[in-house]
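Following numbering that gives the first Met the number 0, the numbering of the sequence shown begins with 0 at its first residue and continues without gaps.
Even for Gly, the Cβ is constructed at its ideal location relative to N, Cα and C.
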Amino acid sequence: MGDLRKPFLLLAMLAIVLAIGVELGSGLLLGGADAGAALADSAGALDVEIDDVSGVSEPSGRGTGYLALIDAVAVWSTGLFCLGLLLPERVQGRVQGVASLIFSIILIIVGLVALVVAFVELSIMVSLFLAVPFGTLAYLALWGFFPVGEAAVLLGLVLLLKLVWAAMLVLAQPRFLQNKGLVLLILTTLLCTVVLEFLHNLVPVILVSIVDDVAALVFAIIAIIWGLVLLIGSIPAIVKAIRVTASLPAR
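1. Do we get a CB-CB distance below 7 Å when we pair ILE105 with the residues of chain C?
2. Say whether the segment 199 to 218 touches the segment 177 to 189, bearing in mind that this needs 3 or more beta-carbon pairs closer than 8 Å, one atom from each stretch.
3. Exposed or buried, which one is SER53 when buried takes at least 16 other CB atoms within 10 Å?
4. Note the first and the last residue of the continuous alpha helix (DSSP H) segment covering ALA130.
5. If we ignore side chains and look at the alpha-carbon of each, how far apart do GLY78 and GLN177 end up?
6. How long is the line joining the alpha carbons of ALA14 and LEU159, rounded to whole angstroms?
7. For SER233, count neighbouring Cβ atoms within 10 angstroms of its own Cβ and tell me buried if that reaches 16, exposed if not.
8. Are GLY226 and SER126 touching if we call contact CB-CB under 7 Å?
9. When you compare only the Cα positions, how much space is there between TRP142 and VAL112?
10. Could you check if VAL238 belongs to the surroundings of the ligand COA, using beta carbon to heavy atom distance under 6 Å?
11. Leaving aside the five residues before and after SER99 along the sequence, list all residues of the same chain whose C-beta is less than 6 Å from its C-beta, in chain order.
12. Among ILE105, VAL147, ASP2, which has the Cα closest to the Cα of LEU198?
13. In three-state DSSP terms, what is ASP211?
14. Which of the three DSSP states, helix, strand or coil, is assigned to PRO235?
15. Determine the closest residue to LEU85 out of LYS5, ALA222, LEU17, with distance taken between C-alpha atoms.
16. Here's the rule: buried if 16 or more other CB atoms are within 10 angstroms of the residue's CB, otherwise exposed. What is ILE19?
17. Looking at PHE175 and LEU168, is the spacing between their C-beta atoms short of 7 Å?
18. Where do the N-terminal and C-terminal ends of the alpha helix (DSSP H) with VAL169 fall, by residue?
19. Can you round the beta-carbon distance between LEU106 and CYS191 to whole angstroms, since I take them to be within the 8 Å contact cut?
20. Just confirm the distance between the C-beta atoms of LEU68 and GLY24, as a whole number of angstroms; I'd bet it's less than 8 Å.
21. Leaving aside the five residues before and after MET12 along the sequence, list all residues of the same chain whose C-beta is less than 6 Å from its C-beta, in chain order.
22. What residue range is occupied by the uninterrupted alpha helix (DSSP H) comprising MET80?
23. Less than 8 Å between C-beta atoms, sequence neighbours within five positions excluded: which residues of the same chain meet that for ASP2?
24. Please name the residue in VAL72, VAL74, GLN95, ALA73 whose C-alpha comes closest to that of GLY83.
25. Kindly give me the distance between the Cβ atoms of THR63 and LEU162, rounded to whole angstroms, as I take these residues to be in contact under 8 Å.
26. Alpha carbon to alpha carbon, how far is ILE220 from LEU206? Give it in angstroms, no decimals.
27. Is the distance from the Cβ of PHE7 to the Cβ of LEU170 below 7 Å?
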């Protein structure tokens, strides 16, 4: 840590915190716009007449918000680097193992709950969409008009912040590139962001909510995997800390 460039590390922490903040706030920033006219047009295409389309709004989706599950690992990893600026290496080693164990357990539990929620919602989506015509109309009213343009703007901002985060880490300490786990984490979160935006533009707008939910499922699984990696990685640190503590002379 001696040749660590602290300002760049702090900027990296700020960038990834802003990125996860945008992701967590995506539910409030996306959706909510009136989709009544679009629903009426879709109903006409299905030869179904509906009288009242008021109160129909665009959904916010889950994919962008679920990216935060993966980026929580990025925030945690960067936070551990920042922790080295405050604590001596010996103390940091003891704290890091236990803290990582607790964080990984929380991440796995949250990831599992998020996975179940996304799976149930996806099952409902597909069931309604295939139940032509009235089930399809119900699907359209709830999920049929995803705000692709707004989501693209948010994902573009998130991607930019993640690129800044990665660049600041390298500028802070080029040897971070030798950390295979960190490099894999950077590639994982960047790839997931790009893939989500690609999926949003891959299918017709009425199907975007479905592929967005599929992406959310995958993100939850990836987050659980990272949680397991952190859990396994924390064990040697805890064992080492216990051994060091046990070897200290008793007072």
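Let me lay it out:
1. No chain C is part of this structure, which consists of one protein chain only.
2. No, the segment 199 to 218 does not touch the segment 177 to 189.
3. Bear in mind that a pLDDT of 46 at SER53, under 50, signals an unreliable position, so the number given afterwards is only what the model happens to contain. Exposed.
4. Following the DSSP letters along the chain, one finds ALA130 in no alpha helix (DSSP H), marked with neither H nor E.
5. For GLY78 and GLN177, the distance between alpha carbons rounds to 18 Å.
6. When only Cα atoms are considered, ALA14 and LEU159 end up about 9 Å apart.
7. Label assigned to SER233: buried.
8. No.
9. Rounded to whole angstroms, TRP142 to VAL112 spans 21 Å at the Cα level.
10. Ligands are entirely absent from the displayed structure, and the ligand COA is therefore not among its contents.
11. Cβ neighbours of SER99 within its own chain (closer than 6 Å, five residues either side excluded): LEU229, SER233.
12. The residue among ILE105, VAL147, ASP2 with its C-alpha nearest the C-alpha of LEU198 is VAL147.
13. ASP211 carries a helical assignment under DSSP once its states are collapsed to helix, strand and coil.
14. Helix.
15. Of the listed residues, the one whose Cα sits closest to LEU85 is LYS5.
16. The residue in question, ILE19, is buried, as its Cβ has 16 or more Cβ neighbours within 10 Å.
17. For LEU168 and PHE175, yes; Cβs fall inside 7 Å.
18. Judged by DSSP secondary structure, VAL169 falls within the alpha helix (DSSP H) whose first and last residues are 147 to 171.
19. About 15 Å separates the beta carbon of LEU106 from that of CYS191, a gap too long to meet the 8 Å contact definition.
20. Wrong, their Cβ atoms sit about 15 Å apart, outside the cutoff.
21. Residues THR77, CYS81 of the same chain have their beta carbon placed closer than 6 Å to that of MET12, with the five preceding and five following residues left out of the count.
22. Position check: residue 80 holds Phe in this sequence, whereas Met was assumed. Per DSSP, PHE80 belongs to the alpha helix (DSSP H) from 62 to 82.
23. In chain order, GLN172 place their CB closer than 8 Å to the CB of ASP2, counting only its own chain and leaving out the 5 sequence neighbours on each side.
24. Out of VAL72, VAL74, GLN95, ALA73, GLN95 has the C-alpha closest to the C-alpha of GLY83.
25. Their Cβ separation, rounded to whole angstroms, is 17 Å, which puts THR63 and LEU162 out of contact at 8 Å.
26. In this structure, the straight-line span from the alpha carbon of LEU206 to that of ILE220 is close to 22 Å.
27. Contact: yes.
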